[in-house]
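These notes concern the structure reproduced below.
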Amino acid sequence: MTYLKAYQLYSSRNFPPLADQLPILKAMGYDAIEPWLPAYEADPALFRRQLDDAGLACYGFHMPLAGLVSEPQRFIEIAQTLGATYLIPPYVTLEEREPTVAYWRGLGEKLARGAEIAAKHGLQVAWHNHDFEFLRLSDGSRPIDHIFDAGGPGVKFEIDCGWIVRAGADPAAELQRFADRIVVIQTKDTAPIGTKADDGWTATGDGIIDWASLVPLFRQTKADHIVTEHDNPSDWQAFARRSIEHLNSLGL
Numbered sequence: 096m097t098y099l100k101a102y103q104l105y106s107s108r109n110f111p112p113l114a115d116q117l118p119i120l121k122a123m124g125y126d127a128i129e130p131w132l133p134a135y136e137a138d139p140a141l142f143r144r145q146l147d148d149a150g151l152a153c154y155g156f157h158m159p160l161a162g163l164v165s166e167p168q169r170f171i172e173i174a175q176t177l178g179a180t181y182l183i184p185p186y187v188t189l190e191e192r193e194p195t196v197a198y199w200r201g202l203g204e205k206l207a208r209g210a211e212i213a214a215k216h217g218l219q220v221a222w223h224n225h226d227f228e229f230l231r232l233s234d235g236s237r238p239i240d241h242i243f244d245a246g247g248p249g250v251k252f253e254i255d256c257g258w259i260v261r262a263g264a265d266p267a268a269e270l271q272r273f274a275d276r277i278v279v280i281q282t283k284d285t286a287p288i289g290t291k292a293d294d295g296w297t298a299t300g301d302g303i304i305d306w307a308s309l310v311p312l313f314r315q316t317k318a319d320h321i322v323t324e325h326d327n328p329s330d331w332q333a334f335a336r337r338s339i340e341h342l343n344s345l346g347l
């Protein structure tokens, strides 16, 4: 099978206006975009029209965990406006994090409550990882395992392979461990450790991750689409084009 491919608009946040990027992405072969807050917040209906005009979809979007907890209905309505299926909280700040099992289990429980509400509308909640979820706590356990154990099967996973590598973990092992939970795969690539250009990130296929070896593991997950992302590209179009071309060359 080949996957639908989306582009995380956060990648080109420094090159506004975002609306002008949409037809360019479509011409490169992308099927969809994955927006982050605040890209869609001011006027979700207008944002949807811009996507429609460009011939792009929105399968999921990043949103604050606090919004899922305190304003789930607002973000459900945004999902319905955008035609999205996945509500994706991607982050908790360093100040918010606590190095305890109880904190991370509590985060999973928050996701579970949001997922239960979203499911009533045919939507799903998926957590997006960075590196910190894979760094071991004082007892040797990992936040990512506590999040999903407490969250239960209703909490899904958008796996970010680049951040897993940055954490010193193995994306192949995590793809297998969470195969039944992974609904979105983000193919972020990282340059060799110590690289300063573009904050050490690079286009998919130009970094240190062996994507060809991961392809069979992608196919064992529940993912229905792939997302390209780069946290700080100096040339967003070169990144976007190179990434989708590499994914296509792998038969994805």
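Going by the working numbering, the sequence shown opens with residue 96, and the numbers climb by one from there. For each residue, glycine too, the CB sits at the ideal point set by N, CA and C.
For residue i, count neighbouring C-beta atoms within 10 Å of its own C-beta (all shown protein chains included) and say buried if the count is 16 or more, exposed if not.
i, result
"Q271", "exposed"
"A333", "exposed"
"S106", "buried"
"A101", "buried"
"V164", "exposed"
"R276", "buried"
"K215", "exposed"
With distance defined between alpha-carbon atoms, name the residue in the options nearest to residue i.
i, options, result
"I288", "I280, M123, T297 and T282", "T297"
"G249", "G235, A210, V279 and G217", "A210"
"T176", "G257, A245, R143 and R337", "R143"
"G257", "G246, T323, L202 and E193", "T323"
"A122", "L347, R336 and H341", "R336"
"V196", "D147, I239 and Y98", "I239"
"P194", "A307, D234, N343 and E253", "D234"
"G247", "R261, D294, G263 and A207", "A207"
"H325", "P311, L312, L345 and D294", "D294"
"A127", "D147, L141, A134 and T282", "D147"
"W306", "R200, Q219 and L345", "L345"
Using three-state DSSP, classify residue i as helix, strand or coil.
i, result
"F156", "strand"
"E191", "coil"
"Y125", "coil"
"I277", "strand"
"K100", "strand"
"T290", "coil"
"H320", "strand"
"Y181", "strand"
"T297", "strand"
"D284", "strand"
"A149", "helix"
"G203", "helix"
Give every residue of the same chain whose Cβ lies closer than 8 Å to the Cβ of residue i, excluding the five residues on either side of it in the sequence, and list them in chain order.
i, result
"A292", "A286 and S329"
"I259", "N224, D226, F229, D265, P266 and E269"
"S236", "V196"
What residues match up with residue i in a beta bridge as DSSP calls it?
i, result
"H223", "E253"
"D131", "Reading off the sequence shown, one finds Trp at residue 131, where the question assumed Asp. In the DSSP output, where bridge partners are listed per residue, W131 has none listed."
Spatial neighbours of residue i within its chain, please: C-beta separation below 6 Å, excluding the five flanking residues on both sides.
i, result
"I212", "P167"
"Y98", "H320, I321 and L347"
"A274", "Q315 and T316"
Does residue i get closer than 8 Å to chain D when you measure Cβ to Cβ?
i, result
"A127", "The chain inventory of the structure shown lacks chain D, comprising one protein chain alone."
Keeping to the same chain, check which residues put their C-beta closer than 7 Å to that of residue i; ignore five residues upstream and five downstream.
i, result
"L160", "P184, V187 and K205"
"G302", "D284, T285 and A286"
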